[in-house]
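Trainee:
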Amino acid sequence: SGPINSIIHNDYNLRSSGVTIAMNHAVAVQHVHIELLII
1 SGPINSIIHN DYNLRSSGVT IAMNHAVAVQ HVHIELLII
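What the sequence shown shows, in our numbering, is residues 1 to 39, in sequence order.
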């Protein structure tokens, strides 16, 4: 794997982890809204 491949791979990892964080954040926000509705 050359330097270009590793740069692309690192960029992909950053993007995919960013998407995962965004999804987890959205789920957490929805969960908070549900808790407030129950209360």
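The beta-carbon is built from N, C-alpha and C at its ideal position, and this holds for glycine as well.
Every value quoted in this text rests on a predicted model; they were computed, and no experiment measured them.
State the Cα-Cα distance for the pair residue 21 and residue 36, rounded to the nearest angstrom.
Mentor: Their backbone Cα atoms lie some 23 Å apart in a straight line.
Trainee: Using the Cα positions of residue 13 and residue 28, report the straight-line distance between them to the nearest angstrom.
Mentor: Each residue's Cα considered, the two are about 22 Å apart.
Trainee: So residue 2 is in the alpha helix (DSSP H); what residue range does that whole segment cover?
Mentor: Counting along the chain, residue 2 falls outside any alpha helix (DSSP H), and DSSP gives it neither H nor E.
Trainee: In whole angstroms, what is the alpha-carbon distance linking residue 31 and residue 23?
Mentor: Spanning the two alpha carbons is a distance of roughly 12 Å.
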